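Numbering (the numbering used here), first residue to last: 1 to 352.
Down below is the structure, laid out as structure tokens.
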Amino acid sequence: MPLLARTIATPVAIVVRPGAVEGLGGLLADGRISAGGDVAVAVGPGQGEDITRRLEDALPAATVWTVEGGTVEAARELADDLRRAHYDALVGIGGGRTLDAAKYAASQVGLPFVAVATNLAHDGLASPVASLDSAHGRKVSYGVQVPIAVFVDIDFVRDAPTRHVRSGIGDVLSNLSAVADWELAARVRGEEVDGLAVALARNAAEAVLGLEADEDTDSYLTTVAESLIASGIAMTVAGSSRPCSGACHEIGHALDAFFGSPGAHGEQVAVGALFASWLREDPRLAQLDACLRRLRVPRLPADLGLDTESFVQAVVRAPETRPGRFTILEHLALDEPAVRKQVHAFLETLDT
């Protein structure tokens, strides 16, 4: 019998609105996740006290844990704490580091996970991936369960540093480069491409590509939030980060591993995506560049405080960060002098 349909794990509830944190009790009940609010809550050290205070009325039965940093060790400590009692779900509230640590811990103990985002710095909100710092200081990606629900509090997002939203925009826009790399791998190596994952990733980027610089409006922030969520679902559909991670992310991970993370994740991959698009001679290069300029997202190494030679070295070492992934970097297989020549030509053309 032919396969006529497939089942895809996605969040059962997605809500993007102001006041999501204070309305969390109702959101959990409406989503049939926890009728009485008997949940564990993981918060980060930065906003933890404010969030805990707001939850006193919204979730009086909740147990709140503070997660110190997005490390594997912190995530495992949280998992150990969760095993000492019964909860309906684990609710992670905060930014990417807190959510990733909580996502990993929930998977370790088999608890449903609810992601409540208070900033929009990257596309991990609804993804099946947790990116954590290892004991060696390297970022390691772990496969985890998909959140059962994703809530975004627009009030918190608006109060967060504007740089966080711009980082999220950079992460979503990098989908265009990642999808182009995936399609290149299909043409050159016969790699299978998932059309639904591509459609979700590309449409998420297209939504942001058309934004005007109106950063404080609900509609602007909602578009960014929904695009980040769609990117996460695209990764779930693909079963990997492939639709949202290509040469752009290889370069970003190299900057993390070898140059101390000069920018936020989405800022680094935005620069990586623009350079990868240059290498690919992508017909949408000018459109991507114009959007990054308009929305004030970093475009060039100098925007990250990075000198040209450091960026050259990051590009040279980028393929080390994702062994087996085929992108424009692996396809061209440029040696160091060739990379240096391309970087200088890229900057001479776009640094205006």
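We put the beta carbon where it would ideally sit given N, CA and C, even for glycine.
Predicted, not measured: the structure shown is a model, and the values here were computed from it.
- Check the Cα spacing between T7 and each of G239, D335 and S245: the tightest is with G239.
- Only residues of its own chain outside the window of five on either side were considered, and among them V312, V315 and V316 have a CB closer than 6 angstroms to the CB of V339, listed in chain order.
- DSSP places A9 in the coil class of the three-state scheme, outside both helix and strand.
- Taken in chain order, the complete alpha helix (DSSP H) segments of 4 or more residues contained in the segment 104-191 are 154-159 and 162-189.
- For A225, the closest alpha carbon among the candidates L55, A115 and S277 is that of A115.
- For the segment 4-59, the full-length alpha helix (DSSP H) segments reaching 4 residues or more read 24-30 and 48-58 along the chain.
- In the DSSP annotation of this structure, the continuous segment of the beta strand (DSSP E) that includes L90 starts and ends at L90 to G94.
- With at least 16 other beta carbons inside 10 angstroms of its own, T98 counts as buried.
- Our two residues, S134 and P323, have alpha carbons roughly 18 angstroms apart in a direct line.
- The C-beta separation of A101 from G70 comes to about 5 angstroms, placing the pair in contact by the 8 angstroms criterion.
- Following the DSSP letters along the chain, one finds V64 inside the beta strand (DSSP E) bounded by residues T63 to T66.
- Sequence-distant Cβ neighbours of T321 in its own chain, meaning closer than 7 angstroms and more than five residues away, are E250, H253, A254 and A257.
- Per DSSP, F311 is one residue of the alpha helix (DSSP H) stretching across T308 to R317.
- With contacts defined as CB atoms closer than 9 angstroms, A247 and S141 fail to qualify as a contacting pair.
- Counting along the chain, T236 sits inside the alpha helix (DSSP H) bounded by residues D218 to A238.
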